[in-house]
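Colleague:
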Amino acid sequence: MATQRRHPSVAAELEGTLLISGDLFPYFLLVALEAGGSAQGRRPARRVPLRRRPRCCPVRRRPPCLCHDLRGFVSTAGLTVVDVAAVAKATLPRFLLGDLRDSAFRAFARHDAGERYVVTRLPTVMVEPFVREYVAEGARVVGTELRVVGRRFTGAAVASPGVAVAGDRSLGALVAVLGRDRIIDVGLCPGGGAVNRQPAFMQICQEHRMVSTPEKAPATPLPRSEYVWPLIFHDGRLVSRPEPLACLAVVLWLPLGVLLSVTRILIGIFPYGVSLLLAAATGFQIRAHLCAPPERRRRGTLYACNHQKLMDPVILSTVVHRKVTAVTYSLSGLSELIAPIPTVRLTRDRGMDRLIMQTVLARGDLAVCPEGTTCREPYLHRFSPLFAEIAGEVTPVAVRASSAMFHGTTVRGHKWMDSFFFLMNPAPWYHVRLLAPMASSSGGAGGGDASSRDVANHVQRVIGDALGFDCTALTRRDKYRMIAGHDGVDVRAAS
Numbered sequence: 001m002a003t004q005r006r007h008p009s010v011a012a013e014l015e016g017t018l019l020i021s022g023d024l025f026p027y028f029l030l031v032a033l034e035a036g037g038s039a040q041g042r043r044p045a046r047r048v049p050l051r052r053r054p055r056c057c058p059v060r061r062r063p064p065c066l067c068h069d070l071r072g073f074v075s076t077a078g079l080t081v082v083d084v085a086a087v088a089k090a091t092l093p094r095f096l097l098g099d100l101r102d103s104a105f106r107a108f109a110r111h112d113a114g115e116r117y118v119v120t121r122l123p124t125v126m127v128e129p130f131v132r133e134y135v136a137e138g139a140r141v142v143g144t145e146l147r148v149v150g151r152r153f154t155g156a157a158v159a160s161p162g163v164a165v166a167g168d169r170s171l172g173a174l175v176a177v178l179g180r181d182r183i184i185d186v187g188l189c190p191g192g193g194a195v196n197r198q199p200a201f202m203q204i205c206q207e208h209r210m211v212s213t214p215e216k217a218p219a220t221p222l223p224r225s226e227y228v229w230p231l232i233f234h235d236g237r238l239v240s241r242p243e244p245l246a247c248l249a250v251v252l253w254l255p256l257g258v259l260l261s262v263t264r265i266l267i268g269i270f271p272y273g274v275s276l277l278l279a280a281a282t283g284f285q286i287r288a289h290l291c292a293p294p295e296r297r298r299r300g301t302l303y304a305c306n307h308q309k310l311m312d313p314v315i316l317s318t319v320v321h322r323k324v325t326a327v328t329y330s331l332s333g334l335s336e337l338i339a340p341i342p343t344v345r346l347t348r349d350r351g352m353d354r355l356i357m358q359t360v361l362a363r364g365d366l367a368v369c370p371e372g373t374t375c376r377e378p379y380l381h382r383f384s385p386l387f388a389e390i391a392g393e394v395t396p397v398a399v400r401a402s403s404a405m406f407h408g409t410t411v412r413g414h415k416w417m418d419s420f421f422f423l424m425n426p427a428p429w430y431h432v433r434l435l436a437p438m439a440s441s442s443g444g445a446g447g448g449d450a451s452s453r454d455v456a457n458h459v460q461r462v463i464g465d466a467l468g469f470d471c472t473a474l475t476r477r478d479k480y481r482m483i484a485g486h487d488g489v490d491v492r493a494a495s
């Protein structure tokens, strides 16, 4: 007599159950854009209607599975396995988390569950990092397996032994994983109770549980505060989920956006007061706030800023109406050419970099970003203590920047285009707060490591409190390792 398992097995469909939306087009498009570039991204966009038709393909009323096979083919054909996996790890989780259904997540990821299966029409390689990191560690993803030739996807699906079962791909794939004699204890299905709306794999589930909200209330996404892991790092150029109409708006905006970006860059050659007015005329909003009474104008001020965009020192210079030199580790030649302020490269040698920064500070104002890399989310990376060893006083600067269409930062993309993408947004904005100056550890002579580290941590906390951001101990190296698979030291800005 078989003994009953203590922890029941659970299965749920990703789209429409774990996710609020059942539309997969945005994820195919994101893979095509981020892994294959704009040319690849236009391919799935040309093959999907503007109106959502979930029940059939718009061409000859093909079944839904063939429609998704076509999207998968045009989105992944010719892409390398490494590129698609990187997009699945660095770009897709942010959009999937934003659509993760609260009630379904709680039912699926409860602590007393045993084996967990997520069934999806998306390719497994696109979903697996998200499911295992943000939904349930150890969960098995049952999705489409793509054929690989060499190191590239052909776009075709690998036939599964159980695909023919009941004529449904999801049911067949799950049966192939479990074996024909296995069943699932609990199957999660969307609300409504209609049999024709339930996924086919529910046929092998003993118990069916609805995940809808009562009285047909709108589904709510999982709050950010309840993510399994905080979403700190992510990549990709698009800010919003690329729905078909949103994609159309981006395409129509691009010509004007490019012209607007070039115009805003050229504004930097004008005097500060004029450039602020011209920037406002183009929709670029810059606001400054002083948390302490202004002191007399003096040279040699050290500014320590959190790092939101590549343009942070430029905006700071505009706010204080003085040329502020920015120090960088890696900056493309084009970015140096169009920068309206002086830039100085550091060497990553601590002693040499301290000498360079002290020399620059002796000649004028200096802006440093101790995080060493940008962060899109409301978190601060660990501050490097080097800035606290070059001057007797430091002025913390709290910076916030936002845009609605394009991100002005990237890890895997072309970093030399960061400023162009940010300035292409219809109405980007910057808020800069100059906080009260505070004493550093060294007085310019090079202090001890412990005291400089304390100063760096204190400056991080002060800026974090001013912005409402959480302080972390994560570094630039952690960021690149998590979303790019390398430490970021040897990556050139022009890559």
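Take 1 as the starting number for the sequence shown in UniProt numbering and just add one per residue. Ideal Cβ placement from N, Cα and C applies to all residues, glycine included. It should be emphasised that the depicted structure is a prediction, and the values quoted were computed from it without experimental measurement.
(1) Determine the contact status of isoleucine 341 and valine 324, defining contact as a CB-CB distance below 8 Å.
(2) Closer than 7 Å by C-beta to leucine 361: which residues in its own chain qualify, once you throw out the five before and the five after it? Chain order, please.
(3) With DSSP run on the structure shown, which of helix, strand or coil describes isoleucine 286?
(4) So, for aspartate 418: in the same chain, excluding its five sequence neighbours on each side, which residues have a beta-carbon less than 8 Å away from its beta-carbon?
(5) What do you get for aspartate 99, buried or exposed, if any count of 16 or more other CB atoms within 10 angstroms of its CB means buried?
(6) Buried or exposed: threonine 347, going by 16 or more other Cβ atoms within 10 Å of its Cβ?
(7) Around the C-beta of arginine 345, are 16 or more other C-beta atoms found within 10 angstroms, so that it is buried, or is it exposed?
(8) Please report the distance separating the alpha-carbon of alanine 104 from that of leucine 188.
(9) Which residue comes first and which comes last in the alpha helix (DSSP H) that contains arginine 101?
(10) With valine 394 and serine 440 assumed to form a contact (beta carbons below 8 Å), what rounded beta-carbon distance in angstroms separates them?
(11) Considering just the uninterrupted stretch of the beta strand (DSSP E) at isoleucine 184, what are its terminal residues?
(12) Any idea what DSSP makes of glycine 78, helix, strand or coil?
(13) With a Cβ-Cβ cutoff of 8 Å, do phenylalanine 108 and leucine 222 count as a contact?
(14) Can you tell me which of the three DSSP states glutamine 198 falls into?
(15) Please identify the residue among Ala249, Asn306, Thr373 and Ser332 whose C-alpha is closest to the C-alpha of aspartate 465.
(16) What are the start and end residues of the alpha helix (DSSP H) that includes threonine 343?
(17) To the nearest angstrom, how far is the alpha carbon of leucine 50 from that of valine 397?
(18) Helix, strand or coil for threonine 124 per DSSP?
(19) Could you tell me the boundaries of the alpha helix (DSSP H) in which glutamate 336 lies?
(20) Roughly how far, in whole angstroms, is the beta-carbon of tryptophan 229 from the beta-carbon of tyrosine 379, given that I think they are within contact range, below 8 Å?
(21) Just tell me which of Arg477, Val459 and Tyr272 has its CA closest to the CA of threonine 374.
(22) Suppose only complete runs of 3+ residues qualify. What are the beta strand (DSSP E) ranges in the stretch 369 to 444, listed by chain order?
(23) Considering only C-alpha positions, which residue in the set Ala484, Leu30 and Gly22 is nearest to alanine 246?
(24) Among residues of its own chain, excluding the 5 on either side of glutamate 128, which ones have a beta-carbon nearer than 6 Å to its beta-carbon?
(25) Does valine 175 come out as helix, strand or coil in the three-state DSSP assignment?
(26) Spell out the partners DSSP gives glycine 221 in its beta bridges.
(27) Mapping DSSP to helix, strand and coil, what is residue 502?
(28) Could you check whether leucine 178 and methionine 126 sit closer than 8 Å to each other, using their CB atoms as the reference points?
(29) Quick one: what does DSSP say phenylalanine 108 is sitting in, helix, strand or coil?
(30) Can you tell me whether DSSP reads threonine 325 as helix, strand or coil?
(31) With distance defined between alpha-carbon atoms, name the residue in Phe130, Asn457, Gly268 and Leu423 nearest to serine 317.
Modeller: On the basis of the supplied data:
(1) yes
(2) Gly300, Leu302, Ile390 and Ala391
(3) strand
(4) Lys309, Leu310, Ser335, Gly408, Thr409 and Thr410
(5) buried
(6) exposed
(7) exposed
(8) 8 Å
(9) Arginine 101 -> no alpha helix (DSSP H), and no H or E assigned at all.
(10) 5 Å
(11) 184 to 189
(12) coil
(13) no
(14) coil
(15) Asn306
(16) Threonine 343 -> not in any alpha helix (DSSP H); beta strand (DSSP E) instead, spanning 343 to 345.
(17) Confidence at leucine 50 is low in this model, with a pLDDT of 43, below 50, so its placement is unreliable and the value that follows should be read with caution. Looking at the two C-alpha atoms, the distance is approximately 44 Å.
(18) helix
(19) 333 to 338
(20) Not confirmed; about 12 Å, so no contact.
(21) Arg477
(22) 393 to 402 and 429 to 434
(23) Leu30
(24) Val141
(25) helix
(26) The residue you asked about is not glycine; residue 221 is proline in the sequence shown. DSSP output for proline 221 lists Arg101 as bridge partner(s).
(27) Absent from the structure is residue 502, since the part of the chain shown begins at 1 and ends at 495.
(28) no
(29) helix
(30) strand
(31) Gly268
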